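Residue numbers (the working numbering): 3 to 90.
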């Protein structure tokens, strides 16, 4: 094989150095992109979990406050009228 022919073969070969570098860089970038997206999803998931936990705590406090029978302040006629307006 002549030198000129071997250079042409190396340039056309699918496994040439340029091809391999391009191939590796492409897959490295794809992996980096996927890793970034995974990190963003995990961060978002942590925020959602924190918000959900805070909401559950607030609901627990609100439930105990709403279930207690507390005396209503105001005159009897106003309280009766308000209760009738809010009946479902």
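Backbone N, C-alpha and C define an ideal beta-carbon position, used for all residues, glycine too.
Keep in mind that this is a model prediction, so the values were computed, not measured.
Determine the extent of the alpha helix (DSSP H) in which residue 76 is found, giving its start and end residues.
Residue 76 -> no alpha helix (DSSP H), and no H or E assigned at all.
For residue 18, does the three-state DSSP call read helix, strand or coil?
Coil, per DSSP.
When the Cα atoms are used, what is the spatial distance from residue 83 to residue 89?
The straight-line gap from Cα to Cα measures roughly 10 Å.
Looking at the structure shown, is residue 63 part of a helix, part of a strand, or coil, going by DSSP?
Three-state DSSP puts residue 63 in a helix.
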